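To convert, count from 1 in the sequence shown and add 53; that's this note's numbering.
Note that the Cβ used here is the ideal one computed from N, Cα and C, for glycine as well.
Remember, it's a predicted structure, so these values are computed and weren't measured experimentally.
Beneath this line is the structure, given in structure tokens, with notes to follow.
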Amino acid sequence: MDFALLSSAAGFAFASCGTPGPNNMLLTSSATRFGYRPTLKLLLGIMFGLQLLMLISALGLGQLFLMWPSLQWGLKIFGSGYLLWLAWQIGSADIQTTAETTKSMCWYQGALFQFLNPKAWLMAVSAISGFTLAGEQYWPSALAVLAIFLSLGLVTGHIWAFFGLHLRRWLHTPKDWRRFNHFMALLTAASVFMIWH
54 MDFALLSSAA GFAFASCGTP GPNNMLLTSS ATRFGYRPTL KLLLGIMFGL
104 QLLMLISALG LGQLFLMWPS LQWGLKIFGS GYLLWLAWQI GSADIQTTAE
154 TTKSMCWYQG ALFQFLNPKA WLMAVSAISG FTLAGEQYWP SALAVLAIFL
204 SLGLVTGHIW AFFGLHLRRW LHTPKDWRRF NHFMALLTAA SVFMIWH
């Protein structure tokens, strides 16, 4: 592949995976509430789901969303509903026993969430349609794009997780935790506005 195309794909992957969104809000919240190990499992699940989504897009199924706008609307509606439900779960978490009585999302929940995450679909379809080459170079370029997203997604996901671990040091009282949960719930809910704009 051309170096300029690889660089452009890397820039797009870094911006897409590194900016605030549903996945990064979940990683930050998980790291703050449950620590590194459960959050690493969630991150690996998210990346597995995103890779699967990109592979499906590379096989051509992602084009259905470009051809049928009604599918995009359906995904936005279901994805928005799920995000609002997640925000409510985060905001209403039991403050004093959060870490002891609840668990972080499992890796497979993080993977399945990608199929309801409109931002993930947009990333997958845009990356495959924008940074793959035609003809015999299609699959080598598609696999290169998948590898770029995997590596940069793991890096940026760790950045958001470490941010959550750092925040954990500042949360000492139930009031601190309540404020944090409400703030993360608001950020997660705000992701819905990004979906529709």
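- Minimum Cα-Cα distance from Thr209 among the listed residues Met78, Ser61 and Leu58 corresponds to Met78.
- Out of Pro171, Val198 and Leu103, the CA that lies nearest to the CA of Gln125 is found in Pro171.
- Short of 7 Å from the beta carbon of Leu203, and not among the five residues preceding or following it, lie these beta carbons of its own chain, in chain order: Met100 and Gln104.
- Rounded to whole angstroms, the gap between the alpha carbons of Asn234 and Ala62 is 35 Å.
- Shown here, Gln167 sits in coil according to DSSP, grouped into three states, outside any helix or strand.
- Here Ile130 is exposed. Its C-beta has fewer than 16 other C-beta atoms within 10 Å.
- Leu196 and Cys159 have their C-alpha atoms some 27 Å from each other.
- Contact between the segment 172–188 and the segment 81–89 is absent: fewer than 3 CB-CB pairs across the two stretches fall below 8 Å.
- Secondary structure at Met176: helix, using DSSP grouped into helix, strand and coil.
- Within the model, the alpha-carbon separation for Gly132 versus Gln162 is close to 14 Å.
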